[in-house]
Amino acid sequence: MSVTAGPFAFATQHLIFLFSCVLALAIAWWLGRRQNVGAADAVFRIIAVALISARLVFVIIYYDSYFSAPWQIFNVRDGGFNLIAGFIAGIAWGLYELRRYPLARKAIATASLGGVTAGVLLSLLFQYQIQQTEFPQASLYNLQQESVNLSQDFAGQPVVINLWASWCPPCVREMPLLEDAAAKWPEVAFLTINQGEDSELVENFLQEQGLNLPHVLLDKNSEISDAIGSYALPTTLFFDSEGRLNTTHIGEFSAATLENAVRKLD
Numbered sequence: 001m002s003v004t005a006g007p008f009a010f011a012t013q014h015l016i017f018l019f020s021c022v023l024a025l026a027i028a029w030w031l032g033r034r035q036n037v038g039a040a041d042a043v044f045r046i047i048a049v050a051l052i053s054a055r056l057v058f059v060i061i062y063y064d065s066y067f068s069a070p071w072q073i074f075n076v077r078d079g080g081f082n083l084i085a086g087f088i089a090g091i092a093w094g095l096y097e098l099r100r101y102p103l104a105r106k107a108i109a110t111a112s113l114g115g116v117t118a119g120v121l122l123s124l125l126f127q128y129q130i131q132q133t134e135f136p137q138a139s140l141y142n143l144q145q146e147s148v149n150l151s152q153d154f155a156g157q158p159v160v161i162n163l164w165a166s167w168c169p170p171c172v173r174e175m176p177l178l179e180d181a182a183a184k185w186p187e188v189a190f191l192t193i194n195q196g197e198d199s200e201l202v203e204n205f206l207q208e209q210g211l212n213l214p215h216v217l218l219d220k221n222s223e224i225s226d227a228i229g230s231y232a233l234p235t236t237l238f239f240d241s242e243g244r245l246n247t248t249h250i251g252e253f254s255a256a257t258l259e260n261a262v263r264k265l266d
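Heads up, the sequence shown is in full-length UniProt numbering, so the first residue is 1 and it goes up one at a time.
Have a look at this one:
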């Protein structure tokens, strides 16, 4: 679900998108150089238009969430993009570029098709990997030192699992959003599973932050991180009522991207 390089962690789906864009630009540059045409600039504009359109439509759909924190509109790290809108905009602008630069049509079309094909195939492979991820079978302890069996105690309902630690700034910023979400969607179980810290430290942290989260669990040995294969914090997993992993989010989410993921659990 994530790729770790030293102190840095990257979401797999973000790396897939980056690789696809770089591949398309590289093909456009190579073919353009051979044919003596400027194809790379055209492909770059197609990518830019697709990204901007995907972000703009997502912001419009979740305008209420961004209205209270408008600066979050520009925080594209939250992963809030409407893929359908971006795809349509990319095709439309691509047709415009093909018409505008007839001599570069072959290079532009080949590069665009190569990037899209790579992105689709790798995304399907990643989606298959997600579908093979089972709901965690671990038994953890809550702050009252009571044992909680995840697969038994939360069977038959949608579950959001958030892996966090008190030393992780993005994790801390997410906590109020998770608290609000738990109140907004009581039919969904929101589990905030602390990674590697003791109960006293976690309790003090929650009191200092004034947080009242419904299901705070302790995972001192990072069993859940081992089980899902992601050591980046924060990591958030969205399981439907049948225990199937619907989607994942590596890194900090916004209120809009959290709402988008929760609504997909219906």
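Think of the CB as a built atom: it goes at the ideal place given N, C-alpha and C, for glycine as much as any other residue.
Give me, in chain order, the residues of the same chain whose beta-carbon lies closer than 7 angstroms to that of residue i; leave out the 5 immediate sequence neighbours on both sides.
i, result
"Gly-86", "Ala-50, Leu-51, Ser-53 and Ala-54"
"Ala-165", "Cys-171, Asn-194, Gln-195, Gly-196, Glu-197 and Leu-233"
"Asn-212", "Glu-179"
"Leu-103", "Val-37"
"Leu-258", "Leu-177 and Ala-181"
When the Cα atoms are used, what is the spatial distance from residue i to residue j?
i, j, result
"Ile-108", "Phe-19", "17 angstroms"
"Leu-122", "Asn-75", "25 angstroms"
"residue 294", "Asp-41", "Residue 294 lies beyond the stretch modelled for the chain, which goes from 1 to 266, so this question has no answer here."
"Arg-45", "Val-120", "20 angstroms"
"Met-175", "Ala-11", "20 angstroms"
"Ala-227", "Gln-13", "19 angstroms"
"Ile-16", "Thr-235", "18 angstroms"
"Glu-200", "Gln-152", "26 angstroms"
"Ile-91", "Leu-124", "20 angstroms"
"Thr-133", "Val-43", "36 angstroms"
"Trp-29", "Cys-21", "12 angstroms"
Roughly how far, in whole angstroms, is the beta-carbon of residue i from the beta-carbon of residue j, given that I think they are within contact range, below 8 angstroms?
i, j, result
"Asn-162", "Leu-178", "6 angstroms"
"Asp-78", "Gln-72", "7 angstroms"
"Gly-243", "Phe-135", "4 angstroms"
"Arg-105", "Leu-98", "5 angstroms"
"Val-188", "Leu-265", "7 angstroms"
Does the Cβ of residue i have 16 or more other Cβ atoms within 10 Å, making it buried, or fewer, making it exposed?
i, result
"Gly-229", "exposed"
"Phe-190", "buried"
"Asn-260", "buried"
"Glu-252", "buried"
"Ser-147", "exposed"
"Gly-210", "exposed"
"Ser-68", "exposed"
"Ile-250", "buried"
"Ile-60", "exposed"
"Ile-84", "exposed"
Tell whether a beta-carbon distance below 9 angstroms holds between residue i and residue j.
i, j, result
"Gln-137", "Leu-150", "yes"
"Val-262", "Ala-181", "yes"
"Pro-186", "Phe-239", "no"
"Val-160", "Leu-237", "yes"
"Ile-27", "Ala-89", "no"
"Tyr-141", "Ala-39", "no"
"Ala-48", "Gly-115", "no"
"Ser-222", "Tyr-231", "yes"
So with Cβ pairs under 9 angstroms, would you call residue i a contact of chain C?
i, result
"Ser-241", "Looking at the structure shown, chain C is missing, and only one protein chain is on hand."
Leaving aside the five residues before and after residue i along the sequence, list all residues of the same chain whose C-beta is less than 6 angstroms from its C-beta, in chain order.
i, result
"residue 267", "The structure shown does not extend to residue 267, since the chain is modelled only from 1 through 266, so no value can be given for it."
"Ala-255", "Ser-65 and Leu-177"
"Pro-214", "Ala-182"
"Tyr-62", "Ala-256"
"Gly-80", "Phe-58, Ala-256 and Thr-257"
Quick one: residues in its chain with C-beta nearer than 8 angstroms to the C-beta of residue i, no 5 flanking neighbours on either side, listed in chain order?
i, result
"Val-202", "Leu-143, Ser-166, Asn-194, Val-216 and Leu-218"
"Lys-220", "Gly-196, Glu-197 and Asp-198"
What do you reckon, is the C-beta of residue i under 8 angstroms from a heavy atom of the ligand SAH?
i, result
"Glu-259", "The ligand SAH is absent from the structure shown, which contains no ligand whatsoever."
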